[in-house]
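A quick write-up on the structure given underneath.
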Amino acid sequence: MTIIDKTADVPAPRGSTENSGPLLDVRDLHVEFKTRDGVVKAVNGVNYSVSAGETLAVLGESGSGKSVTAQAIMGILDMPPGRIPQGEILFRGEDMLTMGYEERRKIRGQKIAMIFQDALSSLNPVLTVGYQLAEMFRVHQGLSKKDAKAKAIELMDRVRIPAAKERVNDYPHQFSGGMRQRIMIAMALALEPDLIIADEPTTALDVTVQAQVMDLLAELQREYNMGLILITHDLGVVADVADKIAVMYAGRIVETAPVHELYKRPAHPYTRGLLDSIPRLDQKGQELYAIKGLPPNLLKIPTGCAFNPRCPKAQDICRTDVPPLLSVTERDGGELPGRHSACHFWKEQIHG
Amino acid sequence: MGRYVARRLLQMIPVFLGSTLLVFLMMYALPGDPVRALAGEQAVDQAQIAQVKKDLGLDLPIWQQYWNYLSGLFQGDFGTQIATQRPVADVIADAFPITVRLALFAFAFTVIVGISMGVFAGLKADTLRDRGLLVLTLLLISVPSFVLGFLAQYFFAHELGWVEPNVSAVAASQELILPAVVLGSLSLAYVARLTRTSVAENLRSDYMRTAVAKGLPKRRIIGVHLMRNSMIPVVTFLGTDIGTLMGGAVVTEGIFNVQGVGYNVFQALKSREGSTVVGIVTLIVVVYLVSSLIVDLLYAVLDPRIRYA
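Chains as they are written, first to last, in the numbering used here: chain A, 1 to 352; chain B, 1001 to 1309.
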């Protein structure tokens, strides 16, 4: 089988002369929160990387640590109570966790930008959208108020907001949900960053608008050759736009794979469960599959594999030993690039 | 917007009539007699009292007295004080500027110190400095203003000798600083607490996270994104507060002998000077109505989600 890798035919990444490695490389990241009831281990050793022009989808349930990882990358975690006891976040080879506040601030918005889930609460309610867009140019590029406003209108046109010129002085609550999300996208795109992190960008939107917003995002990403981290729990969204997928569970990555590979042959029972719980037309009338049980309490993550209490195939070893994230191979030992699974029984899962 | 303002202004007419009537009736219901009070402890001829009352129109039925008062008012006549024979308009013209200055000083103190304290504490909620502010403001709220007034007077005037204990009749601006601080300290405590809560709450909001993610400098995040939103409830409080301050402070003005509105109302009440009390109270009501209208309009400027039609 051939592996579909869209990264091969995109233009060379911008600024590739200075660094040939991935754009962003997260290594063994741990995040915990101190609460009254104890230490919540939200992220427990996440590794992933994104290159220019590549889309990584991070998949997982609520509380799996996907958003917290993104916030750690962006540097917008509330610290305290949050803490990063261990790990590195390399952006173009430099560890952002050891940078000073100013140095980090200059990366935010300019090199790495973020799109949030709920555009209504994420935009400032008392400032016009034009002001909020223009702010990017005024702060980072020192443009005058007038020039920045012109740029803001240009951006709004870019994300296809009708009558941008008339609407630039409107407030967020005067826009529809889809238009607001476009404004969030425009704000993230403003300075043409190298990497965009989109944290469930379509969750708050209805299905028809979801598709429009995702198409727009994918189109702009291609055009600017940006890296994109797409955080979602919607498998349907992922299939269309992602290059590779990382599935998270209880703060760890349990499986990584190129997008179509994952859908065809999941190598982790959790991924299997997720795929089986998508409603399908050919199973109309049958009961929909659901993964049994609840996501684990992050204060008390189960010993061994965190998924073992919910796993239909759990054995004794799953309750005692934490499965490492290992490379997945073909039955004959042939390499499957980009595929990893953190399951003791990945062989049975993928080939069984 | 224009229609809204017009409607609010029209609403003031019944409020104005109602408040004058209410105060007028209350003065009538109070025991005591201003004409009899003129004579003090001396024995007076009843016929003489009746004559004076007749001259002043005090023997008429209450509704007629009220009508006479109102019709005088619309011709710009606030009436005359019985004891001093001074026109009430003069009394107000003397007292009001003093109270306005006192109120503005107290207001400035409240705004500048209160908001700074609130922001200072709210940015680091639940830390030592936040707790310290809560204790201090609690103290200011629970100590009555006459205790605070006398303490301040004793300490700054008698012990340290920085100021004169009593404010002179001209009420020079520097004399009004101490009374203003005492007068403003209660609102200061409320403003500080309100700002603190508002700042701490908005600090956790999603748009603040966005502002950080945009890579804005801290100064801008706090100065523009946080403050605009946090000031909305504070402005509402400040608006009603300036109305209250303008209405004069009977206790504080009494302690420091500031001859403003509150002081004069108190004097007039003691000698049953009906027209003085009604005149001043009506003025206070109007000031209060106007200031609350201004606040409501300001509210729409601060928060674009509010529209008046």
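No residue lacks a Cβ here, since even glycine has one placed at the ideal position from N, Cα and C.
Since we're looking at a predicted model, the values are computed, not measured.
Alpha carbon of residue i to alpha carbon of residue j, nearest angstrom
| i | j | result |
| --- | --- | --- |
| leucine 1134 of chain B | alanine 1192 of chain B | 9 Å |
| alanine 1083 of chain B | leucine 1058 of chain B | 14 Å |
| leucine 1073 of chain B | tryptophan 1063 of chain B | 15 Å |
| valine 319 of chain A | tryptophan 346 of chain A | The residue asked about is misnamed: residue 319 of chain A is arginine in this sequence, not valine. Spanning the two alpha carbons is a distance of roughly 16 Å. |
| leucine 143 of chain A | phenylalanine 1109 of chain B | 37 Å |
| alanine 134 of chain A | lysine 145 of chain A | 7 Å |
| phenylalanine 1150 of chain B | isoleucine 1255 of chain B | 7 Å |
| arginine 1228 of chain B | leucine 1216 of chain B | 16 Å |
| methionine 1001 of chain B | asparagine 225 of chain A | 49 Å |
| threonine 232 of chain A | isoleucine 1232 of chain B | 35 Å |
| leucine 1148 of chain B | tyrosine 1263 of chain B | 18 Å |
| alanine 1037 of chain B | isoleucine 1294 of chain B | 42 Å |
| glutamate 261 of chain A | arginine 1129 of chain B | 56 Å |
| isoleucine 350 of chain A | lysine 264 of chain A | 9 Å |
| aspartate 316 of chain A | valine 126 of chain A | 57 Å |
| valine 1285 of chain B | alanine 1121 of chain B | 35 Å |
| aspartate 147 of chain A | methionine 136 of chain A | 12 Å |
| tyrosine 101 of chain A | lysine 1218 of chain B | 10 Å |
| glutamine 1259 of chain B | glutamate 1175 of chain B | 12 Å |
| tyrosine 1066 of chain B | phenylalanine 1024 of chain B | 7 Å |
| valine 1005 of chain B | glycine 1018 of chain B | 21 Å |
| arginine 311 of chain A | aspartate 276 of chain A | Reading off the sequence shown, one finds cysteine at residue 311 of chain A, where the question assumed arginine. Roughly 13 Å separates the two Cα atoms. |
| glycine 352 of chain A | glycine 334 of chain A | 17 Å |
| glycine 1079 of chain B | leucine 1070 of chain B | 10 Å |
| asparagine 1202 of chain B | leucine 1226 of chain B | 7 Å |
| lysine 284 of chain A | alanine 290 of chain A | 15 Å |
Close Cβ partners of residue i (< 7 Å) along its chain, the five nearest in sequence each way excluded
| i | result |
| --- | --- |
| leucine 1140 of chain B | Ser1185, Leu1186, Leu1188, Ala1189 |
| proline 309 of chain A | Gly293, Pro302 |
| alanine 314 of chain A | Asn308 |
| valine 328 of chain A | Ala267, Leu336, Arg339, His340, Ser341, Trp346, Ile350 |
| glutamine 132 of chain A | Leu123, Asn124, Met187 |
| asparagine 1257 of chain B | Asn1166, Val1167 |
Contact under 7 Å by Cβ, residue i with residue j
| i | j | result |
| --- | --- | --- |
| isoleucine 1221 of chain B | alanine 1211 of chain B | yes |
| alanine 52 of chain A | leucine 24 of chain A | no |
| alanine 1180 of chain B | leucine 1102 of chain B | yes |
| leucine 56 of chain A | valine 50 of chain A | yes |
| glutamine 203 of chain A | glutamine 117 of chain A | Before going on, a small fix: residue 203 of chain A reads as threonine here, not glutamine. Taking 7 Å as the Cβ cut-off, threonine 203 of chain A and glutamine 117 of chain A qualify as a contacting pair. |
| lysine 149 of chain A | glycine 130 of chain A | yes |
| threonine 1020 of chain B | valine 1265 of chain B | no |
| alanine 1089 of chain B | alanine 1200 of chain B | no |
| glycine 87 of chain A | histidine 140 of chain A | no |
| glycine 177 of chain A | leucine 205 of chain A | yes |
| valine 1163 of chain B | leucine 1178 of chain B | yes |
| aspartate 157 of chain A | alanine 163 of chain A | no |
| leucine 123 of chain A | proline 172 of chain A | yes |
| serine 1198 of chain B | serine 1230 of chain B | yes |
| arginine 1305 of chain B | proline 1034 of chain B | no |
| aspartate 370 of chain A | alanine 70 of chain A | Outside the displayed range of chain A (1 to 352) lies residue 370 of chain A, so it cannot be described from this structure. |
| valine 39 of chain A | glutamate 32 of chain A | yes |
| threonine 1252 of chain B | serine 1142 of chain B | no |
| proline 1165 of chain B | alanine 1157 of chain B | yes |
Beta-carbon contacts of residue i that lie in its chain and below 6 Å, excluding the five residues immediately before and after
| i | result |
| --- | --- |
| glycine 1118 of chain B | Ala1192, Thr1195, Arg1196 |
| glycine 65 of chain A | Ala42, Val43, Met248, Gly251 |
| leucine 1289 of chain B | Met1012 |
| aspartate 5 of chain A | Only weak support exists for where aspartate 5 of chain A lies, its pLDDT of 48 falling under 50; the value from the coordinates is given anyway. Once the five neighbours on either side are set aside, aspartate 5 of chain A has no close Cβ partner at all. |
Rounded distance between the beta-carbons of residue j and residue i, thought under 8 Å
| i | j | result |
| --- | --- | --- |
| leucine 230 of chain A | leucine 189 of chain A | The Cβ separation is near 15 Å, so there is no contact. |
| aspartate 243 of chain A | valine 259 of chain A | 6 Å |
| phenylalanine 175 of chain A | isoleucine 185 of chain A | Their Cβ separation, rounded to whole angstroms, is 13 Å, which puts phenylalanine 175 of chain A and isoleucine 185 of chain A out of contact at 8 Å. |
| alanine 1207 of chain B | serine 121 of chain A | Checking the displayed sequence, the identity of residue 1207 of chain B turns out to be tyrosine instead of alanine. Yes, they are in contact, since the Cβ atoms of tyrosine 1207 of chain B and serine 121 of chain A sit about 7 Å apart, within 8 Å. |
| valine 1235 of chain B | leucine 1302 of chain B | 6 Å |
| glutamate 54 of chain A | glycine 304 of chain A | So it is not a contact: roughly 33 Å between Cβ atoms. |
| valine 1261 of chain B | alanine 1095 of chain B | 5 Å |
Proximal residues to residue i (C-beta, below 8 Å), its chain only, five neighbours per side dropped
| i | result |
| --- | --- |
| serine 1291 of chain B | Gly1239, Thr1240, Ile1242, Gly1243, Met1246 |
| methionine 96 of chain A | Ile73, Gly75, Ile89, Leu90, Arg104, Ile107 |
| asparagine 1068 of chain B | Gly1057, Leu1060 |
| glutamate 18 of chain A | Because glutamate 18 of chain A sits at a pLDDT of 48, beneath the cut-off of 50, its placement in the model cannot be relied upon, and the point is left open. |
| alanine 1043 of chain B | none |
Interface residues of the region 1204-1217 of chain B facing chain A [CB-CB below 9 Å]: Arg1204, Ser1205, Asp1206, Tyr1207, Met1208, Arg1209, Thr1210, Ala1211, Val1212, Ala1213, Lys1214, Gly1215, Leu1216, Pro1217
Against chain A: residues of the region 1239-1267 of chain B by CB proximity under 7 Å: The residues in question: there are none.
Beta carbons nearer than 9 Å to chain B: which residues of the region 69-96 of chain A have them? Gln71, Met74, Gly75, Ile76, Asp78
What residues from the region 222-255 of chain A come within 9 Å of chain B, judged by C-beta to C-beta, listed N to C? Flagged: no residues at all.
In chain order, what residues of the region 1295-1306 of chain B put their CB closer than 8 Å to some CB of chain A? Leu1302, Asp1303, Pro1304, Arg1305
If contact means a Cβ-Cβ distance below 7 Å, which residues of the region 1127-1147 of chain B contact chain A? none
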